[in-house]
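Q:
There are 2 protein chains.
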Amino acid sequence: MQTDETYRYRTVEKHIRAMIENRALGLGDKLPSLRKLATNLGVSISTVNQAYVELERKGVIEARPRSGFYVRQHALRLPRTEATATPMDGPRPVTRIGLIQTVLESVGRADAVELGVIAPGTELLPLKELSRITASVVRDHPERALGYAPIPGDPELIRQIAFRSMELGIPTDPGEPVITAGCMEALNLSLRSVCRRGDTVLIQTPTYYCFLQLLETLGLRAIEIASDPEGGVSPADLDHALRTFDIAACILAPNFNNPDSSLTPDEAKREIVRMLAARDIPLVEDDVSTDLHFTPKRPDTFKQFDEKGLVLLCSSFSKTISPGYRVGWLLPGRFRQKVLEMKAVTNVSSSAPAQMAIGEYLRQGRLERHLKRLRTALEEQMDTMQFHLERFFPAGTRVTHPEGGAVLWLELPGRVDAVELFFQARSHGIGIAPGAIFSTQDKFSNYVRLSCGMPWSERLHDGLRTLGELAKAMI
Amino acid sequence: MQTDETYRYRTVEKHIRAMIENRALGLGDKLPSLRKLATNLGVSISTVNQAYVELERKGVIEARPRSGFYVRQHALRLPRTEATATPMDGPRPVTRIGLIQTVLESVGRADAVELGVIAPGTELLPLKELSRITASVVRDHPERALGYAPIPGDPELIRQIAFRSMELGIPTDPGEPVITAGCMEALNLSLRSVCRRGDTVLIQTPTYYCFLQLLETLGLRAIEIASDPEGGVSPADLDHALRTFDIAACILAPNFNNPDSSLTPDEAKREIVRMLAARDIPLVEDDVSTDLHFTPKRPDTFKQFDEKGLVLLCSSFSKTISPGYRVGWLLPGRFRQKVLEMKAVTNVSSSAPAQMAIGEYLRQGRLERHLKRLRTALEEQMDTMQFHLERFFPAGTRVTHPEGGAVLWLELPGRVDAVELFFQARSHGIGIAPGAIFSTQDKFSNYVRLSCGMPWSERLHDGLRTLGELAKAMI
């Protein structure tokens, strides 16, 4: 997929983008000549040329015949989404399923421009590698593929996941991982293991809408504390909630929370784990986006600070290797026995061929290389989308500047109703996720989540422009 | 796998077994000469010879040098398990998980002689065919395999299942099937869609222990009505229960109920569906064993008599094609929307490669041929086990004579404690399922369920003998 040459021209591309963002290059300015920039940056002329062609394809610059390349794009990114101070309400039953269902129904419709669902575009998945490995493992081990896998999962995959967790500095007992059908199942099994109907669960807001569906179907009540796009969850807010309410468990996504991509600092994570440990409250950790960090180092997890086995770390390969294989995992800490009971009555065990294939993919050491490429691609796609949002969206729009993950969280100006925008966009074949589905409260009615999984294309360009026009018309 | 020749010698084998069972041949009697029987039955001498060799391998007859073949086996099968009249108790919370867990833990231990778990031996699974098809579908359609499958499942597999259901006379809307990770998940989603914690669910007793686990984890209470090995569930018992208790839903396995293999007559099914429809009570139907019928025709399902969409038919390929692929289905009737909500928050969708492979296996028309071979093999294995049980087990033992399925249900004489037998057998590397786990009541403490999935072998012979000796020693 990606070669050294690709890395080189992307470096040049980033350099130009930085110049535009820093106002070193303004709208309509001419870019340095190929030769000059090649000399300055110590790369070949063809590398610079490739970077310019790429920037032109993405609409950032334009070529004028016999003259050179010029900045076509506005110079600034949108300002950051503002932190929303959250008044803390009492526990409330969750009743968002109707709206969420309506939004999700459009998922199956295969919208022309799908910005509503988080998943890497198929261009970014290891299609050939994983298919080839799948074919070879099922043919080499048909008895293991067709026969029952043990309830906790395929032993080789468990071994690989335990090994990788330990390598990442997450203390993991080699026999601890439980393989699940995606992160959703890990969260489902976790909550069912630590809560009973009627219990109150603390979540951050905004939060992944599937958590709200899950709470609603399990008859759980939610207490929401603020998720700040700049600082994630604050231990002070948690402390206040713990003193005020009878909380049975927490679900938190400390790293690149979906939808606001907030990152809770490692020091705050340690403090949160300590506070919950003091009260023996289980903490369900959503780790699904952590591998998509653009930061040099993978951020820490709550699990790393857990000394009492109270953290249930939930993760999956759905956002990195394959959504369709449905392979996730759970590090259940002290709740392993209960989790296995729940797994047994949910579906006995996970599908063996998918487990074996991903286990072999890990064993062959392919994951880290793939993640490196994927992160680069996602960061670049996010970058390109941000550039165009500024151009297409109404003045006053704000957007997150994530350090990882695969989504942007937009705050539209004024009283734009994002649910209405969702319906209008859908009629144009564009899928988005309206802010209202990410909280039981009404404070995100003018927010929109856009997925950055799709590689840049003319179609995406046109879709974003249409979306911006629809938003402008609603003001 | 199986050829016409195989069918011929099996016919001869059945003929000899029938003669032994009818006392036409007694213990120690000499069998007809090869030539004579070949002439009588109109088959070749080598076919008769093959049948005799097979019967010798299974310990039914023995060869004496220069003399011929002699009946070695006792002539009679064990008498049938007696119907257990069930006093109807009030609803009770289910608290069987501890014991069931203990039994299930031994599953992972790969006992030398596994009679405790129902699954066809790997020799009976289409290992090569399905592995080859899996390899080819993932390589031909990597985007479909790696990308998200729609929540209800892979469209081609849904089409195949709807088509087959209709062919079997089960009225099915083409868009009705929901693909699940095995029958367990279908049952789980069904119960969660039609019940709330604290509700009372009617089950038959004995019943599949996983139903008890499921009820317990969902906080549901059980009302048990008798399952008669000879006649299944009686509409009169159901009527009485409906008049006496407030029942939110039923789970019934009308065809080859696990563990007693009882078959509820089609006329009773119609009556049961009618009675529940009159009260608008949902009926969760466990259809997982129906494809293993030894009867010429597939027995009807409750679903066939359902006019109000109240029946949720749950089934899977785990007992026929592959336990490890985890592919089952649900015909949810009027509860489809609710079931899809539950599927979404359980694991979004089922693993795509397994769905695609089984869809293609069905499309190629391989299922019915495979089922024909599988049924023949299971019936024969069950037959052979019954012959040997009579020889090895204590006098007074009774056993079911199933018309389908893959298990025998043994009633041991006197006060034999089957849980104690379970532990003793385990220490000899033999896995069995003690009767106590199949009911919330204590009436099956001297029952044992034996799986007939393993092809006959010396090891199985020795295991059964050991088991019989252990049982004798306990009287």
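In order, the protein sequence lines correspond to chains L and U.
So the first sequence is numbered by the UniProt record's numbering: it starts at 1 and just counts up by one.
So the second sequence is numbered by the UniProt record's numbering: it starts at 1 and just counts up by one.
For each residue, glycine too, the CB sits at the ideal point set by N, CA and C.
1) Alpha carbon to alpha carbon, what distance is there between Q381/L and S457/L?
2) Assess contact between the segment 171-185 of chain L and the segment 195-204 of chain L, defined as three or more Cβ pairs (one per stretch) separated by less than 8 Å. Is contact present?
3) Using a Cβ-Cβ cut-off of less than 8 Å, give me the residues of the segment 338-362 of chain U that come near chain L, in sequence order.
4) Excluding the five sequence neighbours on either side, which residues of its own chain have a C-beta within less than 7 Å of the C-beta of R8/L, listed in chain order?
5) Using a threshold of 7 Å, is the CB atom of D260/L nearer than that to any non-hydrogen atom of the ligand GDP?
6) Grab me the residues of L124/L's own chain with a C-beta within less than 6 Å of its C-beta, minus the 5 sequence neighbours each way, in chain order.
7) Given a threshold of 16 other Cβ atoms within 10 Å of its Cβ, counted over all protein chains shown, does K269/L qualify as buried or as exposed?
8) Have a look at V348/U and M184/L and give me their C-alpha separation to the nearest angstrom.
9) For P206/L and P254/L, which I take to be in contact (beta-carbon distance under 8 Å), what is that distance rounded to the nearest angstrom?
10) According to the neighbour-count rule (16 or more other Cβ atoms, all chains shown, within 10 Å of its Cβ), is K343/U buried or exposed?
11) Find the residues of chain U that neighbour V138/L, judging by a C-beta separation of less than 9 Å, and give them in chain order.
12) First and last residue of the alpha helix (DSSP H) that includes Y361/L?
13) Mind pulling the chain U residues with CB within less than 7 Å of E185/L?
14) At what residue ranges does the segment 263-296 of chain L contain a whole run of the alpha helix (DSSP H), taking only runs of 4 or more?
15) Please report how far the alpha carbon of L31/U lies from the alpha carbon of V53/U, in whole angstroms.
16) Do A471/L and V416/L have their C-beta atoms closer together than 8 Å?
17) Can at least three beta-carbon pairs, one atom from the segment 211-229 of chain U and one from the segment 301-315 of chain U, be found at a separation below 8 Å?
18) The alpha helix (DSSP H) spanning S131/L covers which residue range?
19) Measure from the C-beta of G147/U to each C-beta in chain L and report whether the shortest distance is under 8 Å.
20) Out of curiosity, what's the CA-to-CA distance linking S234/U and Y148/L?
21) For E13/L, collect the residues of the same chain with a Cβ closer than 7 Å to its Cβ; drop the 5 residues on either side in sequence, then sort them by chain order.
22) Can you look up M1/L in the DSSP assignment and give me helix, strand or coil?
23) Cα-Cα, which of T39/U, L115/U, I16/U and V94/U is closest to Y70/U?
24) S315/L CB to nearest chain U CB: under 8 Å?
25) Which residue or residues does DSSP assign as beta-bridge partners of Q204/L?
26) Output, in chain order, the set of chain U residues within a Cβ distance shorter than 8 Å of residue 533/L.
27) Just curious, the alpha helix (DSSP H) that G147/U is in, first and last residue?
28) Less than 8 Å between the beta carbons of S190/U and G232/U, yes or no?
29) Which of the three DSSP states, helix, strand or coil, is assigned to R197/L?
30) So I45/U is in the alpha helix (DSSP H); what residue range does that whole segment cover?
31) Does the Cβ of K58/U have 16 or more other Cβ atoms within 10 Å, making it buried, or fewer, making it exposed?
32) Spell out whether any CB of chain A is found under 8 Å from the CB atom of S289/L.
33) Any residues in the segment 248-259 of chain U with a beta carbon nearer than 8 Å to a beta carbon of chain L? Which ones, in chain order?
34) For G396/L, which residues from the same chain have a beta carbon less than 6 Å from its beta carbon, with the 5 sequence-adjacent residues on both sides left out?
35) At a Cβ threshold of 8 Å, is P229/U touching chain L?
36) Between the Cα of A18/L and the Cα atoms of E469/L, F387/L, L421/L and G468/L, which residue gives the shortest distance?
A: To lay it out plainly:
1) Locating residue 457/L in the first sequence gives position 457, where the first residue counts as 1. Locating residue 381/L in the first sequence gives position 381, where the first residue counts as 1. Between S457/L and Q381/L, the alpha-carbon positions lie close to 10 Å from each other.
2) Taking 8 Å as the limit for Cβ pairs, the verdict is that the segment 195-204 of chain L does not touch the segment 171-185 of chain L.
3) Within the segment 338-362 of chain U, the residues whose Cβ lies closer than 8 Å to some Cβ of chain L are E341, M342, A344, V345, T346, N347, V348, S349, S350, S351, A352, P353, A354 and A357, listed in chain order.
4) Here the question's residue 8/L lines up with position 8 in the first sequence. Excluding sequence positions up to five before and after R8/L, its CB lies within less than 7 Å of the CB of V43 and T47, all in the same chain and listed in chain order.
5) Among the components of this structure there are no ligands whatsoever, and the ligand GDP is therefore not found.
6) Here the question's residue 124/L lines up with position 124 in the first sequence. For L124/L, the CB contacts under 6 Å within the same chain, skipping 5 residues up- and downstream, are L374 and A377 in chain order.
7) Translated into positions along the first sequence, residue 269/L becomes position 269. Answer is buried; the Cβ neighbour count reaches 16.
8) Reading the second sequence from its first residue, position 348 is the one you call residue 348/U. Reading the first sequence from its first residue, position 184 is the one you call residue 184/L. When the Cα atoms are used, V348/U and M184/L turn out to be separated by approximately 7 Å.
9) Locating residue 206/L in the first sequence gives position 206, where the first residue counts as 1. Locating residue 254/L in the first sequence gives position 254, where the first residue counts as 1. Taking the Cβ atoms as the reference, P206/L lies roughly 15 Å from P254/L, outside the contact range of under 8 Å.
10) Translated into the one-based positions of the second sequence, residue 343/U becomes position 343. The residue in question, K343/U, is buried, as its Cβ has 16 or more Cβ neighbours within 10 Å.
11) Indexing the first sequence from 1 puts residue 138/L at position 138. Under the 9 Å cutoff, chain U gives L130, S131, R132, T134, A135, V138, P353 and A357.
12) If you number the first sequence from 1, residue 361/L lands on position 361. In the DSSP annotation of this structure, the continuous segment of the alpha helix (DSSP H) that includes Y361/L starts and ends at A352 to R363.
13) For this step, residue 185/L is matched to residue 185 along the first sequence. Contacts between E185/L and chain U, judged by CB atoms closer than 7 Å, involve T346 and N347 in chain order.
14) Runs found: 266-279.
15) Translated into positions along the second sequence, residue 31/U becomes position 31. Translated into positions along the second sequence, residue 53/U becomes position 53. In this structure, the straight-line span from the alpha carbon of L31/U to that of V53/U is close to 12 Å.
16) Walking along the first sequence from the start, residue 471/L turns up at place 471. Walking along the first sequence from the start, residue 416/L turns up at place 416. Result yes, Cβ atoms of A471/L and V416/L sit closer than 8 Å.
17) With a cut-off of 8 Å, the segment 301-315 of chain U and the segment 211-229 of chain U do not count as touching, because too few Cβ pairs lie within range.
18) Within the first sequence, numbered from 1, the residue matching residue 131/L stands at position 131. Here the alpha helix (DSSP H) through S131/L covers L127 to D140.
19) Mapped onto the second sequence, residue 147/U falls at position 147. So yes, G147/U belongs to the interface.
20) The count along the second sequence starts at 1 and reaches residue 234/U at position 234. The count along the first sequence starts at 1 and reaches residue 148/L at position 148. Their Cα atoms are separated by approximately 34 Å.
21) Walking along the first sequence from the start, residue 13/L turns up at place 13. So the qualifying residues of the chain are A51, E54 and L55.
22) Residue 1/L sits at position 1 when you count from the first residue of the first sequence. Below a pLDDT of 50, predicted positions are generally treated as unreliable, and M1/L, at 39, falls in that range; the measurement from the model is reported next regardless. Residue state, collapsed to three classes: coil.
23) Taking the second sequence and counting its residues from 1, the one referred to as residue 70/U is at position 70. Closest by alpha carbon: I16/U.
24) Here residue 315/L refers to the residue found at position 315 when the first sequence is read from its first residue. With 8 Å as the cut-off, S315/L does not count as an interface residue toward chain U.
25) Against the first sequence, residue 204/L aligns to sequence position 204. Partner(s): I225/L.
26) Since the displayed chain L opens at 1 and closes at 475, residue 533/L lies outside it and no answer follows.
27) Along the second sequence, one-based indexing puts residue 147/U at 147. Boundaries cannot be given for G147/U, as no alpha helix (DSSP H) includes it and DSSP labels it neither H nor E.
28) Taking the first residue of the second sequence as position 1, residue 190/U is located at position 190. Taking the first residue of the second sequence as position 1, residue 232/U is located at position 232. The answer is no: Cβ separation not under 8 Å.
29) If you number the first sequence from 1, residue 197/L lands on position 197. Here R197/L sits in coil by DSSP.
30) Counted from its first residue, the second sequence places residue 45/U at position 45. Per DSSP, I45/U is one residue of the alpha helix (DSSP H) stretching across I45 to R57.
31) Position 58 of the second sequence holds residue 58/U. With 16 or more other Cβ atoms inside 10 Å of its own Cβ, K58/U counts as buried.
32) The question asks about chain A, but that chain is absent: this structure's protein chains are L and U.
33) Taking 8 Å as the Cβ-Cβ cut-off, the segment 248-259 of chain U has no residue approaching chain L.
34) As a first step, residue 396/L is located in the first sequence; it is residue number 396 there, counting from the start. In its chain, beyond the 5 residues on either side, P413 have a beta carbon closer than 6 Å to the beta carbon of G396/L.
35) Here the question's residue 229/U lines up with position 229 in the second sequence. Chain L contact via Cβ: absent.
36) Here residue 18/L corresponds to residue number 18 of the first sequence, with the count starting at 1. Among E469/L, F387/L, L421/L and G468/L, the Cα nearest to that of A18/L belongs to F387/L.
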